[in-house]
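A short worksheet on the structure shown next.
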Amino acid sequence: MRRSEDIANLPVVKVNNLGIAYETSAGDVLAVRDVSFEIFRGEALGIVGESGCGKSTVAFGMVNYLGRNGKIAHGSIAFQGQSLVGRSPEELRRLRGDQIAMVYQDPMTSLNPVLRIGTQMAEVLITHRGMAKDEARERCVTMLRKVNMPDPELVLQKYPHQISGGQQQRVVIAMAMLNNPALLVMDEPTTALDVTVEATVLDLVDDLRREFDTAIMFISHNLGVIARVCDRVAVMYAGEVVEIASVQELFANPRHPYTQGLIRCVPRLGRSKASSVLYPIPGRVPSPDNQPAGCTFEPRCAYAHESCRAKRVPLRQFQPNHNVRCLFAEEIDASQWTPTEPMTPLVQTSRDAEPILDVDSLKTYYRQASSSPLSLFGLAKPRYLKAVDDVSFSLPKGITLGVVGESGCGKSTLIKTIIGLEELSGGKIEFMSVDLGVKVNKRDMATIRELQMVFQNPNATMNPSYPIGRQLERPLRRFKIVPPSEIRAEVVRLLRAVKLDEHYYDRLPNQLSGGEKQRVGIARAFAGRPDLVLCDEPVSALDVSVQAAVLNLLAEIQQQQGTTLLMIAHDLSVVRFFSDMIAVMYLGQIVEIGPAEAIYAPPYHPYTESLLAAVPIPDPTVEQAHVRLSGNVPSPLDPPSGCRFHTRCPRRHLLPDDGTLCTTTVPPWQDVGDGHRIFCHIPLDQLRAFEPAVKMAQE
Amino acid sequence: MATAEQTAGDQLPSPSATRTSRWQRLEAQLGLFRRSRIALVGLCLVGFWVVVALFADNCLVTPSCYAGIVRGDDITTWATSDEYRSWLSRYSPVEQFRGRTREGPSWDHWLGTDTRGRDIWARLAHGSRLILTLAPLSVMVALLVGGTLGLLAGYYGGMVDEVTMRILDAIIAFPQILLYLVIIASFGASATNVLIAITIAGAPGIARLVRGLTLDIKTRDYVAAAQTQGEHSWYIMVFEILPNARGPIIIDSMLRVGYAVFSIGTLGFLGLGLPPPSPDWGSIVQAGRSSIQAGRPWEALWGSLAIAMVVVGLNLIADGMSEETRRYR
Amino acid sequence: MLVKDYMLQHPIMIEPHKRLAEARALLVENEIYYLPVVGDGKRFLGMITPPRLAIPPERMASLDVWEISNYLANLTVEKVMLKARDLPTIGPNATLEQASHLMTKTKIGGLAVLDGQIVLGLITDNHLLVELNNLLGAFEPGWRVTVRIKGKRGDLLRLIRAVTDRGWTIMALGNVRTPKKPDDWDVVLKVVGCTREELVDAIAQLDGQVLRDIRETASYAYVKP
Ligand SMILES: Nc1ncnc2c1ncn2[C@@H]1O[C@H](COP(=O)(O)OP(=O)(O)OP(=O)(O)O)[C@@H](O)[C@H]1O
Ligand code: SF4
Ligand code: SF4
Ligand SMILES: [Mg+2]
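Chains as they are written, first to last, in this note's numbering: chain A, 1 to 699; chain B, 700 to 1028; chain C, 1029 to 1253.
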């Protein structure tokens, strides 16, 4: 036992009753109200909440980066005992350089694309500390080593665009740490990264804060990420902190109905839609200029009571180190919760149905423009980027196939080829015994109608120029689903099916929220009553509570219409929850495919294992194997020989000779039974003997 | 029961964005002039000349007479016919007042008279009608040509793109004045030829803009969605892509109309505009040039001022618009 | 035990152009005694300690009441701080002993830990005392025994063996030459896993080693399994 309480441990930041307002044409709007918290040295405080809850506003408020129309309306921020409110811009600039650092979601906002990484990093030290060039460079190398960057010297020579997103984020973190800041504000630092990279960056954050005793304010919408790196968590809702407690306490004993709702609406890894239900939080976050008079959560709260409406609810102590902004925190127990409307898990679809889609050695190559001068005369040998290379699977009717894999592994390309947005370069796709070898504009109307797609980005899925109704009418007219006189009625029916009412008919897409747009996108895809719907990350851009609602909706419509779904998602919990079968892709190939429950327990492919070990799980008691992938996904322009995963495989050494076999020979497909196949040299028995990558505490 | 409240759980766009009727949408667009001061100033400058152009004579409803100006009808009819007078401009643009040449502003002749004793205000007023038709018209034609090319090049890419853009680049490489000179010199000075010249000079720039926008918009999911619904390429280009490119195109066109006014003025000044005696603003400045040394700068001054007002006005409106789009991004 | 691992990282610091009143507030409100003064890039310029807050008596005498308040209001940190060149500082890789030696020698109980001129942290006498506590296992429950042994080779080992061979655990160990008896050593052990009697008995069996003191810390009462 080590104690050092005798030395007064003072908070690095102490925020008291902070309110931040934005000036708008309609007057000042308080985006953040009555926020209080403190962060100590070496502590990570997580801030979690849906979009629009004011998380980033608080972060920017910390360094007074609120833009022209933002201002601190009330309250105080004390940094190292000194008030940050009312400092001169010059002083703030100095503070930001010396003692406070920020890391944003997109690393490129902090990197200058036209300077070499070495130059940018050294500049921090040279201009700020008057360090000599050589020394500065040496420091940069040391710091890059600390952030686990392979080949730091080489990286210094490169330009930001020449390294991957995960590496860029590491460079940004290294840069932030160069000045040894007392406070590091991280705003969704891993949201743009793959789970495998995210896991390494989170490990890094954890190490750094221990080594440098930095206070970290970690903002994320992802409860799993928060559970992994934070000591304490503040849950924000509509500009207020509604609950703040230690991570263990918050997840084990959430007291605010909103916190409970958030935890309920993310699928737990290992659950499926046949065994459990996601409960979305009804309603939506009120906009800052239109807050309820009483408890801000009252309109969405299942426990709301007359007294909740009367006046604002203060944050109060529920237990030492556990504060809640709810009048009934003592009575509200998450384990006693019952849904307002009973929802029943869906029935499992059988995997033995007729195949509806047969994909056989599908290849999709992109021709790369060559940089050689010969290409000007068309003489250079064309280079091909093998986005999808030799993929085969068949999809039984009525089931859901989930496709997972790191970004760039060809998931989207696979879908685009099937739907005919990209031309296939080899192999065969057969859909209900129709050959899908041509692009969509050469297919006949009947085929087009049976194959539809749901897109990822809610803001781009609908054409902003036309009202919703008109956009839903179009497929009905084109596919002649109903006689022209009934089109309007059918559109209304579709809207109802996705739980939107008739008013939405005349609305423009920009008058809808993200979740609503995504629903309309789903309605459009299902308008022609297709047999197969391809979904490219249908919920990844949505908030968790909306995500739950959209997933439920998809499942419901699928069940009603008996549609087959092929769904891409990067969130393994979502995929597991939603799919009957799962295919794991790596570098253009499927490396493992099988029934959903089989993929999540040994035997599995070493790559699947790494994915599972990396997935952030919103439960601090879960133990995960520490398997981390090193390096990047190699370029699909010239993929590694033998097993494509051999450059990063953490299990290769289990084979004789450290797995030289893997570097030379393409692995065999090993059949586990029940349609579960693994593409690896390691014998099945050995794969079976792996420790499970995720160990749940209970169950 | 499915009510809106029960459904999506995320933030509603602020209530001000929730408009439904067409009228409200129009009002929102005109609101630009309420919100942006510079746009309002621009609107006043341009609006002044639009009003003048509308009421320069009494035949608002009979376009024949102003076609007469374009065609260059017989001067005697112009000078005498009442058709060319209105409450706004009491004289015909070709009516000569002997002995009252090169006068300064007076009650009879608000802006003075020119070398031939014609009322400058009358000439400017009728000239505005000319220029405010010709400039937007030529930009419109340029838009049609350039927009189509840009849309095709951007949407299809590959060889189509390569070939069109190379050709258009070649045209852009020419200095514009030179281009005008070559075209007018070879086809002669007339309203149609001015229009053709401006179209040829303007289309490549528009094509580039539209191509850039198309390249961006065609990667949006709604375009892919249209493709997966088996829409024809032309439908996608015209109905899916074009409407979403309109913002920048409108702003660009504003600037281009201003530029066209300036170009028509320049051509007039060089004697390549509309044949005399049409009250072309450029020709007015040109004719007034000689009087400047004689200490009577009125004619040149008013002509230049008129051109400047329209050009600056359009630029200000364009600025206001682009500021507005930037604000809401 | 190196300074970099035991120092306080990110100490509260102040800039030289700040009013003295602000420095006073920082010292008082946070109950700290050493306030490093840093310029741009956390460059070490000096230190404010509570005595610096007082007005020198000779100045005091020459000023009347109004002047004093005026004088105080205009006083900046820069004017009263102890200058960096007059202050002892230490590097991050020095040992704790070096730090404590420097403190006792200079009679300044707070050292800025510098990397070049950049302040990395602060180490004070208080930190050293906390570590002394930790070193002797003050917060570990167990039997705290003091045994006087001869400074002969193998004596310490015998003592340790006597404890560990019986399956007990030593949680902390301190070893110092007995004051005024430079040939003897006083060994302080924190032992867990046995009863008081067993421990006393075990030490009694070692000849030449004297149990000077035994006490229980942090309410440790061993229950036989
Ligand atoms: N139009 C294109 N031209 C050239 N290369 C492309 C094109 N589209 C994708 N690629 C490349 O093909 C590979 C696979 O891309 P794809 O978009 O299918 O990956 P993904 O698995 O969907 O990734 P993410 O999870 O990021 O969406 C990548 O290397 C990508 O850079
Ligand atoms: S105060 Fe009332 S409305 Fe607000 S969260 Fe608690 S129970 Fe729900
Ligand atoms: S074949 Fe070899 S390199 Fe590939 S996954 Fe299996 S063990 Fe790893
Ligand atoms: Mg993708």
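Glycine included, C-beta positions come from ideal geometry on N, C-alpha and C.
The structure presented is a predicted model; accordingly, all values stated were derived computationally and were not measured.
Nearest-residue set for ligand 2, Cβ under 5 Å from any heavy atom: A:P257, A:C295, A:F297, A:E298, A:C301, A:Y303, A:A304, A:C308, A:V313, A:C326, A:L327 and A:F328
Compute every distance between the C-beta of P639 of chain A and the non-hydrogen atoms of ligand 3, then say whether any falls below 8 Å. no
Counted within 10 angstroms of its Cβ, other Cβ atoms place V35 of chain A as buried (16 or more) or exposed: buried
For C662 of chain A versus R652 of chain A, is the C-beta spacing smaller than 9 Å? yes
Measure the Cβ-Cβ separation of V454 of chain A and G514 of chain A and say whether it is below 9 Å. no
Please report the residue range of the beta strand (DSSP E) in which V1076 of chain C lies. A small correction: the amino acid at residue 1076 of chain C is Ile; Val does not occupy that position in the sequence shown. Unbroken beta strand (DSSP E) run through I1076 of chain C: R1071 to I1076.
What does the alpha-carbon distance come out to for the pair V235 of chain A and G46 of chain A? 8 Å
What are the complete beta strand (DSSP E) segments, minimum 3 residues, inside the region 40 to 105 of chain A? 44 to 48, 70 to 79 and 100 to 103
Any idea what DSSP makes of P616 of chain A, helix, strand or coil? coil
Provide the residue(s) that pair with V32 of chain A in DSSP beta bridges, ordered along the chain. A:I20
Ends of the beta strand (DSSP E) at S952 of chain B? Counting along the chain, S952 of chain B falls outside any beta strand (DSSP E), though it belongs to the alpha helix (DSSP H) covering L941 to F968.
Given M936 of chain B, which residues of its chain have a CB within under 8 Å of its CB, disregarding the five upstream and five downstream residues? L850, L851, Y854 and T913
Output yes or no for whether 9 Å exceeds the beta carbon distance between L1130 of chain C and V1141 of chain C. no
If you draw a straight line from the alpha carbon of P903 of chain B to that of I940 of chain B, how long is it in whole angstroms? 19 Å
Quick one: residues in its chain with C-beta nearer than 8 Å to the C-beta of D360 of chain A, no 5 flanking neighbours on either side, listed in chain order? S392, G427, K428, I429 and E430
Residues in the same chain with beta-carbon distance under 7 Å from V1010 of chain B, minus the five sequence neighbours each way, listed in chain order, please. G957, V960 and F961
Nearest chain A C-beta to I1060 of chain C closer than 9 Å, yes or no? yes
Is Y104 of chain A near ligand 3, going by C-beta to nearest heavy atom under 8 Å? no
Please indicate yes or no: does the CB of F645 of chain A lie closer than 8 Å to some heavy atom of ligand 3? yes
Can you give me, in chain order, the residues of the region 205 to 227 of chain A that have a beta carbon less than 8 Å from any beta carbon in chain C? F212, D213, T214 and A215
Sequence-distant residues of its chain with Cβ nearer than 6 Å to L1156 of chain C (five each side left out): S1128
For F645 of chain A, the three-state DSSP class (helix, strand or coil): coil
Once DSSP output is grouped into helix, strand and coil, what is the label at T761 of chain B? Note that T761 of chain B has pLDDT 45, beneath the 50 cutoff, so the model's placement of it is unreliable and no number is given.
Along the chain, where does the alpha helix (DSSP H) containing Y854 of chain B start, and where does it finish? I819 to Y855
With DSSP as the reference, label I356 of chain A as helix, strand or coil. strand
Does the beta-carbon of L362 of chain A have 16 or more other beta-carbons within 10 angstroms, so that it is buried, or is it exposed? buried
Bounding residues of the beta strand (DSSP E) (the contiguous stretch that carries W1213 of chain C): D1212 to V1220
Look up M186 of chain A in the DSSP assignment and say whether it is helix, strand or coil. strand
Do the region 1165 to 1173 of chain C and the region 1211 to 1226 of chain C make contact, defined as three or more Cβ pairs closer than 8 Å? yes
Listing by chain order, which chain B residues have their CB less than 7 Å from the CB of A460 of chain A? R919, D920 and Y921
Does the beta carbon of Y607 of chain A fall short of 8 Å from some heavy atom of ligand 3? yes
Could you list the residues in the region 92 to 109 of chain A with a C-beta less than 9 Å from some C-beta on chain C, going in chain order? R94, G97, D98 and Q99
Flag M453 of chain A as yes if its beta-carbon sits less than 9 Å from any beta-carbon of chain B, otherwise no. yes
Can you tell me which of the three DSSP states C535 of chain A falls into? strand
Anything in the region 925 to 937 of chain B with a Cβ closer than 9 Å to a Cβ of chain A? List those residues in chain order, please. A925, Q926, T927, Q928, G929, E930, H931 and S932
How long is the line joining the alpha carbons of I77 of chain A and T1192 of chain C, rounded to whole angstroms? 53 Å
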